[in-house]
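Asker: Submitted below is the structure of interest, expressed as structure tokens.
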Amino acid sequence: MTGWVALVGAGPGDPGLLTLRGRDLLAEADVVVIDRLAADELLEHCRAGVEVVNAGKVPRSGHGEGMTQDEINACLVDRALAGSRVVRLKGGDPFVFGRGGEEAEACVAAGVPFEVVPGVSSAIAVPAYAGIPVTHRGLTQDMAVISGHLDPGADGSAVDWAALAAGPGTLVLLMGVKEIGKIAAKLVEHGRNGATPVAMIQWGTTARQRTVVGTLDTIETVAVDAAMKPPAVTVIGDVVRLRETLSWFERRPLLGMRVLVPRSRAQAGELSRHLRALGAEPVEVPTIAVERGDDEAMETAVDRLEGGDFSWVVFTSVNAVTAFEHVLDRLDRDVRVFDTTTSIAAVGEATERAMRSLGLRADLVPESGASGGALAAAFPRAGEGGERRPVLLPRADIATEGVVKGLSGKGWETVEVTAYRTVLAPPPDPAVVDAVRSGGFDAVAFTSSSTVANLVTLAGHPAESTMVAVIGPQTAQACAALGMRVDAEADYPSVESLAAALAELAVSRRSAR
Numbered sequence: 087m088t089g090w091v092a093l094v095g096a097g098p099g100d101p102g103l104l105t106l107r108g109r110d111l112l113a114e115a116d117v118v119v120i121d122r123l124a125a126d127e128l129l130e131h132c133r134a135g136v137e138v139v140n141a142g143k144v145p146r147s148g149h150g151e152g153m154t155q156d157e158i159n160a161c162l163v164d165r166a167l168a169g170s171r172v173v174r175l176k177g178g179d180p181f182v183f184g185r186g187g188e189e190a191e192a193c194v195a196a197g198v199p200f201e202v203v204p205g206v207s208s209a210i211a212v213p214a215y216a217g218i219p220v221t222h223r224g225l226t227q228d229m230a231v232i233s234g235h236l237d238p239g240a241d242g243s244a245v246d247w248a249a250l251a252a253g254p255g256t257l258v259l260l261m262g263v264k265e266i267g268k269i270a271a272k273l274v275e276h277g278r279n280g281a282t283p284v285a286m287i288q289w290g291t292t293a294r295q296r297t298v299v300g301t302l303d304t305i306e307t308v309a310v311d312a313a314m315k316p317p318a319v320t321v322i323g324d325v326v327r328l329r330e331t332l333s334w335f336e337r338r339p340l341l342g343m344r345v346l347v348p349r350s351r352a353q354a355g356e357l358s359r360h361l362r363a364l365g366a367e368p369v370e371v372p373t374i375a376v377e378r379g380d381d382e383a384m385e386t387a388v389d390r391l392e393g394g395d396f397s398w399v400v401f402t403s404v405n406a407v408t409a410f411e412h413v414l415d416r417l418d419r420d421v422r423v424f425d426t427t428t429s430i431a432a433v434g435e436a437t438e439r440a441m442r443s444l445g446l447r448a449d450l451v452p453e454s455g456a457s458g459g460a461l462a463a464a465f466p467r468a469g470e471g472g473e474r475r476p477v478l479l480p481r482a483d484i485a486t487e488g489v490v491k492g493l494s495g496k497g498w499e500t501v502e503v504t505a506y507r508t509v510l511a512p513p514p515d516p517a518v519v520d521a522v523r524s525g526g527f528d529a530v531a532f533t534s535s536s537t538v539a540n541l542v543t544l545a546g547h548p549a550e551s552t553m554v555a556v557i558g559p560q561t562a563q564a565c566a567a568l569g570m571r572v573d574a575e576a577d578y579p580s581v582e583s584l585a586a587a588l589a590e591l592a593v594s595r596r597s598a599r
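Using our numbering, read the sequence shown as starting at 87 and increasing by one per residue.
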């Protein structure tokens, strides 16, 4: 197999800013060589078994905690020549102070095929997340992106500070935290007004983003007083004044909060997306592992379904849909096993979406909430229209009996099949356990009773300072049974409503201070 190298820009920190091409290449990769500024969440796009090489690249530290540039070049070339598909995942854009050009030259010299996938540069994205457009009609029509890691008076500095000071445009400094005082003084020395607005944005586009604002005369003092550290982007120019009106990201209700998401790894993503959209830093800690259920019973159920034995198939979770898909794959069949006279119900919107990805459409989704009780209440009575064939329920081994009792009360015979089993996940990293117990998380969001019990078993009770949000009454009861306080409960049993309830709680507590 012929190997190749893809130099992929990971964007400035927000994993949602990865390009579609970058995502597709990560899914193909055999090897990923990653920088410290590329979000770890991006590795979730990789297939199982991918080799991850941490390049480190800590600023101003020589070898740092990772590899020298020559070592990185050699790693890319050697892996590709051995036949591997290699993705070099770089923070920001590969060709904007990313040494991507040097890595591309190494590939050319070795005869290795390569491509470059541009990334969203921090020079543009970070100011945008701080509410600062780098150009704005009436203020400036030009901008310059400058490396600020060298003292402007050093022999190795090739930046024409005099020309930059004379221009009217926006200046964006990357890697300029340490030298900001000397840079500001140099610009003033060459004619820039000392009252020119300056903003410094740390950890831009992430939940840790924070911004300080000053002027060329004051920014060094402001940055020191705020203990600003790399990575940070500094914006110099009149456009900084627009931040007062256009700031949006730092106004999100959960900004800066670390939220523990304890659930099965396969399902954590949706809740994390909602939390991240509200400004939080979700930390996914699997407490549930999903295993195959009763294969023989599932295969028999599929045979009966194809034979038209069931009036309805009821999916009460995303896991049930996934398990059903897996049994179809094992049997080399597809959704055509559903008889045209068989209707399908989904417990809620998430389950319905999973069905759609399989090619199925729900005939019934309860409007009053994603719960077994709501589903049973919305279900028609047996015999309406003469229909009396049984209902197939592919479900978990520990599923509650609410749906079965509700359907039985309406005259339906149910056929329950263990589609999957839920078991305790492996213990989390000791650092996570310590964070749970010591208050290292600002909040925890529980989506089921089993996640409550499993988290306590695996890591212990959350610290008293940790806000606890739950998806519904049963989960709240599970917390109470274990002596855990509940601070917020979702209005509607969905992960979106759960995230919103936590956001409302955070805002109310912030206002009460």
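Think of the CB as a built atom: it goes at the ideal place given N, C-alpha and C, for glycine as much as any other residue. Being a predicted model, the structure only gives us computed values, none of them experimental.
Return yes when the Cβ of residue 206 is within less than 8 Å of the Cβ of residue 103, no when it is not.
Answerer: In contact: residue 103 and residue 206 (Cβ atoms closer than 8 Å).
Asker: Our contact map puts residue 616 next to residue 288 with C-beta atoms below 8 Å; I'd like the distance itself, whole angstroms only.
Answerer: Outside the shown range of the chain, which is 87 to 599, sits residue 616, and nothing can be said about it.
Asker: Counting C-beta neighbours from all protein chains within 10 Å, is the total for residue 306 16 or more, i.e. buried, or is it exposed?
Answerer: That one is buried.
Asker: Are the CB atoms of residue 579 and residue 544 within a distance shorter than 8 Å?
Answerer: Their beta carbons are not under 8 Å apart, which means residue 544 does not touch residue 579 by this criterion.
Asker: Taking the alpha-carbon positions, what's the residue 135 to residue 120 distance?
Answerer: Going from the Cα of residue 135 to the Cα of residue 120 covers about 16 Å.
Asker: How many Å lie between residue 385 and residue 407 at the Cα?
Answerer: Straight-line Cα distance between these residues: approximately 14 Å.
Asker: Helix, strand or coil, according to DSSP, for residue 146 in the structure here?
Answerer: Residue placement at residue 146 cannot be trusted, given a pLDDT of 38 that sits under 50; what the coordinates show is reported in the next sentence. Coil, per DSSP.
Asker: Using 8 Å as the cut-off, can you tell me whether the stretch 526 to 535 makes contact with the stretch 547 to 556, which would need three or more C-beta pairs spanning the two stretches below that distance?
Answerer: The answer is yes - the stretch 547 to 556 touches the stretch 526 to 535, with three or more Cβ pairs under 8 Å.
Asker: Note down, one range per segment and in chain order, each beta strand (DSSP E) of at least 3 residues found wholly within the stretch 324 to 363.
Answerer: Taking only runs of at least 3 residues, the beta strand (DSSP E) segments lying wholly in the stretch 324 to 363 are 344 to 347.
Asker: Whose CA, out of 509, 452 and 478, lies closest to the CA of residue 391?
Answerer: Of 509, 452 and 478, the residue nearest in Cα terms is 478.
Asker: For residue 427, tell me which candidate among 402, 393, 401 and 284 has the shortest Cα-Cα distance.
Answerer: Minimum Cα distance to residue 427 is reached at 393.
Asker: Tell me where the beta strand (DSSP E) around residue 553 begins and ends.
Answerer: Looking at the DSSP string, the run of the beta strand (DSSP E) that includes residue 553 is 553 to 556.
Asker: Express the C-alpha separation of residue 190 and residue 279 in angstroms, rounding to a whole number.
Answerer: Spanning the two alpha carbons is a distance of roughly 41 Å.
Asker: May I have the straight-line CA-CA distance separating residue 217 from residue 330, to the nearest angstrom?
Answerer: Using only the alpha carbons, I get a separation of about 8 Å.
Asker: Quickly, what does DSSP pair residue 415 with across the bridge? List them, please.
Answerer: Per DSSP, none; premise fails for residue 415.
Asker: Report, in whole angstroms, the separation of the C-beta atoms of residue 281 and residue 367, which I expect to be a contact under 8 Å.
Answerer: In fact, because the Cβ distance is near 36 Å, the residues do not count as touching under 8 Å.
Asker: Going by the DSSP bridge assignment, what does residue 229 pair with across the sheet?
Answerer: Paired residues: 256.
Asker: Runs of 4 residues minimum, wholly inside the stretch 540 to 582: which ones carry the alpha helix (DSSP H) assignment?
Answerer: Complete alpha helix (DSSP H) runs here, min 4: 559 to 567.
Asker: Should residue 265 go down as buried or exposed, given a rule of 16 or more other Cβ atoms within 10 Å for buried?
Answerer: It is buried - the Cβ of residue 265 has at least 16 other Cβ atoms within 10 Å.
Asker: DSSP three-state call for residue 265: helix, strand or coil?
Answerer: Of the three classes helix, strand and coil, the one that applies to residue 265 here is coil, per DSSP.
Asker: What separation, rounded to the nearest whole angstrom, lies between the Cα atoms of residue 489 and residue 560?
Answerer: Approximately 14 Å, taken between the alpha carbons.
Asker: Using 8 Å as the cut-off, can you tell me whether the stretch 216 to 235 makes contact with the stretch 114 to 129, which would need three or more C-beta pairs spanning the two stretches below that distance?
Answerer: They do not touch, by the three-pair rule.
Asker: Decide yes or no for the touch test of the stretch 566 to 582 against the stretch 396 to 415: beta carbon pairs closer than 8 Å, at least 3 of them.
Answerer: No: the two stretches stay apart, fewer than three of their Cβ pairs being nearer than 8 Å.
Asker: Just checking my contact of residue 299 with residue 283 at CB under 8 Å: how many whole Å lie between their CB atoms?
Answerer: Their Cβ separation, rounded to whole angstroms, is 7 Å, which keeps residue 299 and residue 283 in contact under 8 Å.
Asker: Just how far apart, CA to CA, sit residue 129 and residue 469?
Answerer: Each residue's alpha carbon lies about 51 Å from the other.
Asker: Where DSSP assigns a beta bridge to residue 600, which residues make up the other side?
Answerer: Residue 600 is absent from the structure shown; the chain starts at 87 and stops at 599.
Asker: Can you tell me which residues form a DSSP beta bridge with residue 300?
Answerer: Looking at the DSSP assignment, residue 300 forms a beta bridge with 284.
Asker: From which residue to which residue does the beta strand (DSSP E) around residue 387 run?
Answerer: First-last for residue 387: 381 to 392, but that is the alpha helix (DSSP H), not the beta strand (DSSP E).
Asker: What is the DSSP secondary structure of residue 311, counted as helix, strand or coil?
Answerer: In this structure, residue 311 counts as helix in the three-state DSSP scheme.
Asker: Measuring alpha carbon to alpha carbon, tell me which residue in 92, 589 and 98 is nearest residue 162.
Answerer: Of 92, 589 and 98, the residue nearest in Cα terms is 92.
Asker: Here's a check: name, in chain order, each residue in its chain whose Cβ is nearer than 8 Å to the Cβ of residue 546, leaving out the five neighbours to either side.
Answerer: Around residue 546: 519, 522 and 523.
Asker: Per DSSP, residue 188 forms a beta bridge with which residues?
Answerer: Looking at the DSSP assignment, residue 188 forms no beta bridge with any residue, so it has no partner.
Asker: Check whether the Cβ atoms of residue 449 and residue 460 sit closer than 8 Å, and answer yes or no.
Answerer: Going by C-beta atoms, residue 449 is not nearer than 8 Å to residue 460.
Asker: Look at the alpha carbon of residue 587 and the alpha carbon of residue 226, and state the distance between them as a whole number of angstroms.
Answerer: Going from the Cα of residue 587 to the Cα of residue 226 covers about 42 Å.
Asker: For residue 582, I'd like the list of residues in its chain whose CB is within less than 7 Å of its CB, leaving aside the five on either flank, ordered along the chain.
Answerer: Excluding positions up to five away in sequence, the list reads 360.
Asker: For the alpha helix (DSSP H) holding residue 437, just list the boundary residues, first then last.
Answerer: Per DSSP, residue 437 belongs to the alpha helix (DSSP H) from 435 to 444.
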